[in-house]
Amino acid sequence: MIDKTFIPRQIEEKWSKRWIDDGGFAPYGEGEAYTIMMPPPNVTGRLHVGHALTMTLQDILTRYARRRGRATLWQPGTDHASIATQMMVERALYEQEQRTRQDLGRDAFLNKVWAFSQDSQKSIISQLQNIGASADWSRLRFTLDEDLSRAVRHAFVRLHRDGLIYQDQRMVNWDPELQTAISDLEVEQRSLEGQLWSIRYPLADGKGEIIVATTRPETMFGDTAIAVHPEDERYRHLIGRKAILPLTARHIEIIQDSEVDPQMGTGAVKITPAHAFPDFEIGRRHGLESVVIMDKRGRMTDAVPEGFEGLDRFAARKKVIDRLGDEVVAQTKIVHHVPHGDRSGVPLEPYLTTQWYCDSTTLAKPAIKALHSGRIRFIPSTWDKTYLGWLENIQPWCISRQLWWGHRIPAWYGPDDHVFIAEDEAQASKAAREHYGKDTDLRQDDDVLDTWFSSALWPFSTLGWPQQTPDLNRHYPGDVLITGFDIIFFWVARMVMMGLYFCDEVPFSDIYIHALVRDRYGQKMSKTKGNVIDPMDLTKQYGTDSVRFYLASLSTPGRDIRLNPDQVEGYRHFATKLWNAARYAQGAGAITDKRVSAQTVKVPINRWILRELASTIETIEESFQTYRFDLAAQSIYQFCWHRFCDWYIEFSKTALTRAGADSQETKEVMGWVLLKALGLLNPFMPHLTEELTEALAPDHPLLLRSGWPDPPKMPPDDPACGQVDWLVDVAREVRRVRTALRVPAKNLMTLQVVTPDDETRQRIDALKDILIRQARLEKIQVIDSSVATSMAARFTVLGCSYALPLEGVVNIADEKQRLEKTITAKKQDIEKIEKKLNNSEFRAKAPERVIKENELRLHDLQNEIERMESALSLLT
RNA sequence: GGGCGCGUAGCUCAGUGGGAGAGCACUACGUUGACAUCGUAGGGGUCGCUGGUUCAAUCCCAGCCGUGCCCACCA
C-alpha cells in the first residue's frame, strides 16, 4: 500500500541508490548515439542555483533520450579552474598558516591544491547526484587527469607546429594582485568616478606651456611624448617642439597623431607607451621609447624620480599630484570605465610582457562558417549575433598564465633560451639533442595554460582523443550543449573552434542557452549582496523533484528566472497530488499489467482520457523538439491534475460502482493511463515517478530505462469523447448555477433537458449516472418545451436547453441577477461581432473561414440570449 | 558609443494577425471514504505609451518611456 503521507527525502535517497546499483547511467543499447557534454563545474566549492537549472535541463533531455532508445551519454566532469582554485587555496593557506605559495614551493603547494580539488570534486558530485543528475558517473573526468592533460599537450604541439600558437611581446592586461597576464575576456569594465587632472608641461625653450589632461598622473614618469591632433589649431604651432616632463628634467617631443580626439580633455594627451594600450600603438607608429615605470605588483620601479621608487601605483598617484602643486591647473570629476580583473577585482595594468598567444583569428573562420551554414544553431537564435560579433572581431588569445595550478606549458628552454615544444620532456630532450648535437639540460616554461584552453577540448578530450577510440567515434560530435550565455565566448565558441580544427566536426549541433537565475526581485545573485540561494536548501525543503519541475517550468528560452522559493511549494503540492492520485488508483483496484489499446476501449470516459493522454504526449513531443521545457512541464501538469485527477478520477468513482465489463475496463485504463502519465513526468520528477510506478506495478521495469509512451491512436472526432466533453460542459453549468443561487451542497437538484436532439439523448443515456454525481443531481428528466417549469434556472449547452427547477430553492433574485449578467456580457460580444460582420471590407477581405466562424458564433449567441431572456421573463 | 532582451491579472509568467490565458495570491461555499499540501465556483487586465500598416493589432512596423544585460583601448 502506498503510504498516506509523501516524504520526498525518503524516496529520493532510495532511488538515487537504486539507479546506481542497477547499472548506473552508462550508454546502452544499439540505438543511435545521443551525447551531452556536461559543462564541468569548477572544483571550487558548492553548486549554485544556476547549476541546479542547467543540470536539471540536461538531465531531462538525457532521461528523455535514453527512454527514446538512444544510446545516451551524458559525460560528467569537473574543471580545475586554474585562477579561481589557486586563489582559494592560497587564501586558505594564508589564513590558516600565514604562508604564501612561494613559502611552500611549487610542488608542496600543488599537492595542497590537488588534495583540495579532490575533496571539492567529491562534494560537487554528491550535490549533482542529489538533484538526480543521471550522468555516467563511471566516466567522470577532471580537466587535469593524465589523459586529458596529454590531450592538452598534444593540442598545443599541433597548434604550435601549424603556426597557430606563438610567443609574442606585446601589451597584455596584467593583474597586479594575482601577478599574471589574463585574457581580454577576463577583463571587467567597471564604471567608476575618477578625477581628470590637467597638468602644465612647460615648453623646453621656455616660451610657453602645454596643458595635458590625464586620469593617471602616476604614469607620467613613463611619458615619452605628448600628442595632439594634426588639425587642432590650438596646438599646431607646438608640433615638433619639446616640453619638459614635470618633476623630471626629461624633454619630450610634441607629436601629431590623428587618433587623438581634440574634444577629449585638453586635446593634448601624454603618451606612455609602456603603460597604456593606445599609447603603445602610438609609440610604435612614432618610434617612441618605452619607459617601464611599474613592476608586476603595480609598484614604481627605480626609473622614477627619488621619493617615488617602490610606491604603490595609487600612492604614487597621490604623491605626484601633491608634488605638482600649482602645476595642476584643473581637476574635474569624471565617470569613466576602468578595467578590473574579474577574479581579483583590482584595477588592471596594461603591461608589456612576453606571453604565449593563440591565433584565434584563423581558428574563428570555420567557426563563423559553421553557424552560417547551419551546422550549429543557438536556441534561442538571438545569441547568433553575440557569437558572430565576437568571433568576427576576435583578438589573439593570451593563453599563458603566471600561475602554478594548471596545465604547464609544454615548452622547454635550452641554455641559450632556444625553445623546444614537445608533448613531454623526453621528446623535448630528444629534440634538444638533435639541435645541440649533445644532451643538454632543459628548463620547462614556468607558466600554465588558461583554464579555457583545456575546456575547449572537453567534447573530445573526455572521449580519449587524440586516440581514435570507439567512444570518440560514437559520441563525437555530440547533440546538444546546454549552458549559460556568460560563457559563449569563454567556452562555447572555443569548443567550436577547437572541435573543427582537431576533429573536422562541430562538437554539437544545438546550443541551448538557458536562463540566468536571479532572486525574486530580479537581482543577480551574489555573495556580496547576500541573496544567494543554495539549491541544496531548496531541495531539502521542497524535495528535489519539485525544485526540478519548478526550474523546468520557468525555462522559457530567452527569459531569465526569478527564483521565488515560495513558488516551489506549488510543485510540491503537485507531487503530493499525484501521490494521492496513485493511492486512490491503488485502492480502487487499478490494473497495471494489462495493455490497453484505443481499438478495444469502449467506455466513453476511458476513451476520453485516452484522447487527452494522446494530445498531451503529442504536445510534450513537440515541446522537446523545440527545447520548450516550460511548455512540456505545463502540459504534463495540466494532464495529471486537471484531466486525470479533476475529471477522470471523479468519473471513475461512478464507473467503478457498476459491476461487470465497464468497471473492469475502467480499472485497466486507469492503471494504464496513470503509468503512462508517470512515464511522461519521469524526466522532470524522476524519483517520485519511479516510486509510484513501483508501488502500482511491482513488476514494471525501472522507468529509467523503459520505453517512452506512444500516443494512443484516437480518431480525430471520436463520438464517445464528444459525449464526455458534453458531460463536462453540463456539469460545469450546473455547478455555476448552484453556486450563484447558493444552493446548499446537500440539496440535490433535478435537471430538465428540453426537447433534446438524438445526439443529446444518446449522451444522456451513456453518461447519466456520472452527470448525476458530478452535478449533484437527484435525477435527469427529458421534457417538452411546452411543459417547461416557469421557476427554473436555465442554460444552454451545444444548442440544447437545460432547466433547473427552483422549487424549494429560494433565491429567485440571484438567478435573475445571474441571467442579467450573462445576457449583458453576451450582448457585448454580439455587438462586436455584428460590427465586424456589417463591415463590407471585412466581408470582402477576410478569409471565408473567419467569416463563417463569426457568423456561427453570432448565431449561437443570439440563440442563447433569446432563451435566457425568455427564462428571465418566466421568473417575473 | 554599438548590440541584444524585457514591459500581458496583485505576484511569477505562457500566448496568438480574427472570441484575453495558467500557476500562486484573493473572495465565497464546502458536500462525494485519493488528497484541506484538497474540492467547487467567483472577482480581477483600455496586453507600457503614441502613431503607422491591415477589413481586423496585445501580436507586424516606427518612435517614445521604463527596465535589464552584453560588447567597446580612447586621456
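Counting the first sequence from 1 gives a position; our numbering is that position plus 1.
A virtual CB, placed ideally from N, CA and C, is assigned to each residue, including glycine.
Here the structure is a predicted model, which means the values were calculated and not measured.
- Restricting attention to beta strand (DSSP E) runs no shorter than 3 residues, the segment 183 to 238 encloses them at 188 to 203, 210 to 215 and 226 to 229, ordered along the chain.
- Approximately 5 Å separates the beta-carbon atoms of threonine 751 and glutamate 779; this is inside 8 Å, confirming the contact.
- Counting the other CB atoms within 10 Å of its CB gives arginine 644 a total of 16 or more, which places it among the buried residues.
- Of the other Cβ atoms in all chains shown, fewer than 16 fall within 10 Å of the Cβ of lysine 822; this residue is therefore exposed.
- As DSSP reads the structure, glutamate 31 sits in no beta bridge.
- If you check the CB distance, glycine 672 and alanine 586 come in under 8 Å.
- In the structure shown, the three-state DSSP call for aspartate 511 is strand.
- In this structure, DSSP gives methionine 2 a state outside helix and strand, which the three-state scheme calls coil.
- Under the DSSP assignment, glutamine 356 falls in the beta strand (DSSP E) whose first and last residues are 350 to 359.
- Going by C-alpha positions, leucine 404 is about 42 Å away from tyrosine 543.
- If you look at isoleucine 256, you'll find it in the beta strand (DSSP E) that goes 252 to 257.
- The segment 533 to 552 and the segment 560 to 580 touch, with three or more beta-carbon pairs separated by less than 8 Å.
- For methionine 172, the enclosing beta strand (DSSP E) has its first and last residue at 166 to 176.
- DSSP places histidine 476 inside the alpha helix (DSSP H), whose first and last residues are 471 to 476.
- Distances from the alpha-carbon of threonine 484 to those of Gly51, Tyr437 and Asn474 put Gly51 closest.
- When only Cα atoms are considered, aspartate 23 and isoleucine 61 end up about 19 Å apart.
- For phenylalanine 110, the uninterrupted alpha helix (DSSP H) segment begins and ends at 107 to 131.
- Judged by DSSP in its simplified three-state form, asparagine 394 adopts coil rather than helix or strand.
- For arginine 596, same chain residues with a beta-carbon under 8 Å away, outside a window of 5 residues either side, are Trp673 in chain order.
- Below 8 Å, too few C-beta pairs join the segment 428 to 438 and the segment 65 to 72 to call them touching: fewer than three.
- Cβ-Cβ separation between leucine 473 and phenylalanine 461: approximately 6 Å, consistent with a contact (criterion under 8 Å).
- Contiguous beta strand (DSSP E) elements confined to the segment 727 to 795 occur at 750 to 755 and 778 to 784, taking only those with 3 or more residues.
- Less than 8 Å divides the Cβ of glutamine 356 from the Cβ of aspartate 169.
- Distance check between leucine 443 and each of Lys243, Glu189, Pro467 and Gly415 places Gly415 closest, using alpha-carbon atoms only.
- Residue burial annotation: leucine 193 is exposed, with fewer than 16 other C-beta atoms found within 10 angstroms of its C-beta.
- Under the DSSP assignment, threonine 484 falls in the beta strand (DSSP E) whose first and last residues are 481 to 485.
- Under the 10 Å beta carbon count, arginine 762 is surrounded by fewer than 16 other beta carbons and is classified as exposed.
- In terms of Cβ geometry, isoleucine 245 and histidine 238 do not form a close pair [threshold 8 Å].
- Here phenylalanine 640 carries a helix assignment [DSSP, helix/strand/coil].
- In the DSSP assignment, proline 806 forms a beta bridge with Ala793.
- If you ignore the 5 residues before and after isoleucine 866, its C-beta comes within less than 8 Å of the C-beta of Ile824, Lys827, Lys828 and Ile831, all in its own chain and listed in chain order.
- Glutamine 753 counts as buried, since no fewer than 16 other beta carbons sit within 10 angstroms of its beta carbon.
- The three-state reading of DSSP puts histidine 341 in strand, counting E and B together.
- Between leucine 165 and aspartate 448, the C-beta gap is not smaller than 8 Å, which leaves the two residues out of contact.
- Between the alpha carbons of lysine 714 and leucine 74 lies a distance of about 32 Å.
- For glutamine 76, the uninterrupted beta strand (DSSP E) run begins and ends at 72 to 76, by DSSP.
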